[in-house]
Amino acid sequence: MTALIATGLIPLILCIISGVLLNRYRFIPRETWLFIDKLNYYFLFPALLFSSLSGADIGLGVFESSLFAALAIVSLLVAAVYLCKFIFKINEKNLGVYVQSLIRFNTYIGLALSAAAFQEQGLALFSLIIAFSIPLINVFSVLSLSHHQHVSARIMVLNIIKNPLIISCVAALAFNLLSLPLWQGLQDFIKLLASASLPLGLLCIGAGLTFMADEKDYALIAANSLLRLTAAPAAAYLLCTFAGLDGLEQQIITLFFALPTAPSAYALTKMLGGNHALMASIISLQTLLAMVTLPVVLWLVI
Numbered sequence: 000m001t002a003l004i005a006t007g008l009i010p011l012i013l014c015i016i017s018g019v020l021l022n023r024y025r026f027i028p029r030e031t032w033l034f035i036d037k038l039n040y041y042f043l044f045p046a047l048l049f050s051s052l053s054g055a056d057i058g059l060g061v062f063e064s065s066l067f068a069a070l071a072i073v074s075l076l077v078a079a080v081y082l083c084k085f086i087f088k089i090n091e092k093n094l095g096v097y098v099q100s101l102i103r104f105n106t107y108i109g110l111a112l113s114a115a116a117f118q119e120q121g122l123a124l125f126s127l128i129i130a131f132s133i134p135l136i137n138v139f140s141v142l143s144l145s146h147h148q149h150v151s152a153r154i155m156v157l158n159i160i161k162n163p164l165i166i167s168c169v170a171a172l173a174f175n176l177l178s179l180p181l182w183q184g185l186q187d188f189i190k191l192l193a194s195a196s197l198p199l200g201l202l203c204i205g206a207g208l209t210f211m212a213d214e215k216d217y218a219l220i221a222a223n224s225l226l227r228l229t230a231a232p233a234a235a236y237l238l239c240t241f242a243g244l245d246g247l248e249q250q251i252i253t254l255f256f257a258l259p260t261a262p263s264a265y266a267l268t269k270m271l272g273g274n275h276a277l278m279a280s281i282i283s284l285q286t287l288l289a290m291v292t293l294p295v296v297l298w299l300v301i
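Residue numbers are given in numbering that gives the first Met the number 0: position 153 of the sequence shown equals residue 152, and the series is strictly consecutive.
Listed below in structure tokens is the structure:
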């Protein structure tokens, strides 16, 4: 079991470290990293999701309970942050940061670990959870960042509809559930694109690690990160047990909530006027701490 976890995690850690070093020594210009990240998000990563879902042996009925559990936990985490807002007097610019730090997830690390530890079935289930959770998470994220400004419902819905990850998941589910044929040459092309997504995504994660927050926020950042990486997966595991979920479904949902928050949270926070320096620091610390906490979580649930 330890060997399986090490085999799955060490390549991911080495990719992230490589990204740190490539950025540290300016081997790749900062502008190029931004382009690579955009290329991956809009082109390569959707290909990975389509490839993993379109040919997987799945039935939505089998996963109904796990999808419901994942969305319920996301909603509970948001409620917990709003409760903490009133208890600890969190200001509006920081509120959206803490919401995102608890409900957004690093899809690159999650998919890579799902494939390494749970093979194709785990990868398919994780992709399904992504497909159904992204719209809700995006709505919660935008609303939590928009208390001090108006964001129309129309713009929010359009952004969700135009999300390339959602489009690829919907298309993949249509091909899968309707048993639509796909020319072998096109399948191979999509798989070729998909194979480039995870390593590039992990390199970009490493290149983007940075600490920009004020020193007075360090203790709260650390507490927030530990809550996300330890308490959230523990709550997910217990809720799955209470709901009668076990085996692969319980393992994947627990992994989902053990992941560090998404690097894309920084761009959204900056665009909507949130505390982007705080967001960058939380993303970086959670990513680094996850290299320690993820092996423990996997060891406990596998």
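No residue lacks a Cβ here, since even glycine has one placed at the ideal position from N, Cα and C.
Backbone secondary structure at residue i - three-state DSSP
{"i": "TRP32", "result": "helix"}
{"i": "TRP182", "result": "coil"}
{"i": "GLY18", "result": "helix"}
{"i": "THR106", "result": "helix"}
{"i": "LEU8", "result": "helix"}
{"i": "ASN137", "result": "helix"}
{"i": "ASP213", "result": "coil"}
{"i": "ASN175", "result": "helix"}
{"i": "ASN158", "result": "helix"}
{"i": "PHE188", "result": "helix"}
{"i": "GLY121", "result": "helix"}
{"i": "ARG153", "result": "helix"}
{"i": "LEU208", "result": "coil"}
{"i": "SER145", "result": "coil"}
{"i": "ILE128", "result": "helix"}
C-beta neighbour in chain B for residue i, strict 9 Å
{"i": "SER126", "result": "Within the model displayed, chain B is absent; a lone protein chain is all it includes."}
Spatial neighbours of residue i in its chain, beta-carbon cut-off 8 Å, leaving aside the 5 residues before and after
{"i": "THR209", "result": "ALA279, SER280, SER283"}
{"i": "VAL19", "result": "GLY205, ALA206, LEU208"}
{"i": "ALA71", "result": "LEU238"}
{"i": "ARG103", "result": "ILE136, SER140, THR260, ALA261, SER263, ALA264"}
{"i": "ILE220", "result": "ALA212, LEU277, SER280, ILE281, LEU284"}
7 Å CB neighbourhood of residue i in its chain, flanking five on each side removed
{"i": "MET211", "result": "ALA276, ALA279, SER280"}
{"i": "SER51", "result": "LEU122, ALA123, SER126"}
{"i": "ALA69", "result": "ILE128, SER132, ILE252, PHE255"}
{"i": "ILE307", "result": "Residue numbering for the chain in the displayed model covers 0 to 301; residue 307 lies beyond these limits and cannot be assessed."}
{"i": "ALA170", "result": "PHE49"}
Own chain, CB closer than 6 Å to residue i, minus 5 neighbours either side, in chain order
{"i": "SER167", "result": "PRO45, LEU48, PHE49"}
{"i": "ALA114", "result": "LEU122"}
Secondary structure, alpha helix (DSSP H): runs of 4+ residues fully inside the stretch 219 to 294 = 231 to 241, 246 to 257, 263 to 270
Can you list the alpha helix (DSSP H) stretches of 4 or more residues lying completely in the stretch 36 to 106, in chain order?
-> 44 to 53, 63 to 87, 91 to 102
May I ask you to verify whether the stretch 185 to 204 touches the stretch 15 to 30, counting CB pairs closer than 8 Å and requiring at least 3?
-> yes
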